[in-house]
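Numbering (the working numbering), first residue to last: -6 to 332.
The beta-carbon is built from N, C-alpha and C at its ideal position, and this holds for glycine as well.
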Amino acid sequence: MIVVMKKGATNAQIANVAARIEQLGCRVHISEGEERTIIGVIGNGRPLDREQIERMAGVERTVPILRPFKLASREFHPQDTIVTVTVNGIPIGGRQLIVMAGPCAVESREQLLETAHAVKEAGAHVLRGGAFKPRTSPYSFQGLGEKGLRLLAEAREETGLPVVTEVMEPQMVPLVTTYADILQVGARNMQNYALLHAVGEAQRPVLLKRGMMSTVEELLMAAEYILSHGNDRVILCERGIRTFEHYTRNTLDISAVPLIKQLSHLPVIVDPSHGTGKWELVEPVSRAAVAAGADGLIIEVHPHPEEALSDGAQSLKPARFAALMRSLRPIAAAVERTL
Ligand code: PEP
Ligand code: MN
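Next comes the structure, spelled out in structure tokens:
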């Protein structure tokens, strides 16, 4: 449940209510709004006596949270969460849209550095690139592993762009954390609970991608795992779900963007590359995502898509990416965002 404090409730009253709730064996999460403070109660499984709390000084009312996700819910935390990336302090989830761009997979130093400089030049804020790749076939390119991580760190040194890269196993979290600024949990691992637990304890923001057969509620429950293990820097990503349509790789659920914004305070970004699987569709779908209220985009860019070791068909060439960035600016302005 949440405890809504009265407008003008004093700090002492807030502290008093928080202390009482903790005495009853629950944890509290205090969210100070412009008008009033909200105290989120993280239960211990036993029901709390709401009337007892409501009788305390400064309390306006208590509201039960009926949804299965609590920490991720908008009720619990009415303001938008802004996730800050440590390297350059960029805020994800505020007025400014954040664009993450780079190759699907790190393939070589030349490929990565060329792409990193090009996306930086075009205005991207974060460099993406997979070093450990979850591939459908065990015979497909699996990524360069730690060598790929080292190249990402080198690209960060050269460009100043923070790096987002995927981590596939709980045991790999410490290694990937030493190189990455944002840990990516891929669609195939959205419900890998051991991994969610491990990234929940990591000191890095987490980009959590929606599973290809997962509902929005399941995505938010996966985020709840990370939040409940102490990591409050979670960014959600809509990357398309599997439907009967086969002209696109996935069906990008654009409605998930405003829906998640209603249900949750966490930032939401859109991946039009995996969402469509076709580079020609990336630009219009990116524009739609920004118009629908996404906090940013993650886009695959490759200097020679025809030679890419993974996802060439959905990768933009650098010049196309630069054109896309330009075409997004008026859309961003129309929805009162900056890019
Ligand atoms: C990726 O970002 O390259 C990737 C593998 O994405 P997803 O997990 O959404 O398929
Ligand atoms: Mn990819």
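Do residue j and residue i come within 8 Å of each other at the CB atom, strictly closer than that value?
i: S279; j: L321; result: yes
i: L200; j: T241; result: no
i: D174; j: T79; result: yes
i: A180; j: G204; result: yes
i: V119; j: I91; result: yes
i: T77; j: P71; result: no
i: V156; j: R149; result: yes
i: G233; j: G289; result: no
With a threshold of 8 Å on Cβ separation, who are the neighbours of residue i within its own chain once the five nearest residues in sequence on each side are excluded?
i: E329; result: R88
i: A316; result: E276
Leaving aside the five residues before and after residue i along the sequence, list all residues of the same chain whose C-beta is less than 6 Å from its C-beta, in chain order.
i: M49; result: V10
i: P96; result: T108, G122, H295
i: G141; result: V99, A124
i: G116; result: M318
DSSP three-state call for residue i: helix, strand or coil?
i: S101; result: coil
i: A117; result: coil
i: A78; result: The identity of residue 78 in the sequence shown is Val, whereas the question assumes Ala. The answer is coil: DSSP assigns V78 none of H, G, I, E or B.
i: R54; result: strand
i: A94; result: strand
i: L189; result: helix
i: L137; result: coil
i: S320; result: helix
Quick one: using the 10 Å Cβ neighbour count with 16 as the cut-off for buried, is residue i buried or exposed?
i: H258; result: buried
i: R39; result: exposed
i: N243; result: buried
i: L62; result: Just to set this straight, residue 62 is Phe in the shown sequence, not Leu. Buried: at least 16 other Cβ atoms inside 10 Å.
i: A282; result: buried
Assuming the contact rule is C-beta atoms closer than 8 Å, residue i and residue j should be a hit. Round their C-beta distance to whole Å, please.
i: I7; j: C19; result: Not quite, the Cβ-Cβ distance comes to about 15 Å (not below 8 Å), so this is no contact.
i: R43; j: T55; result: 5 Å
Below 7 Å CB to CB, which residues in the same chain sit around residue i once its five sequence neighbours on both sides are set aside?
i: K113; result: T152, L154
i: I291; result: M93, R121, C230, I262, D264
i: A287; result: V250, V261, I262, V263
i: Q135; result: K126, R128
i: Y218; result: Y186, L189, H190, G193
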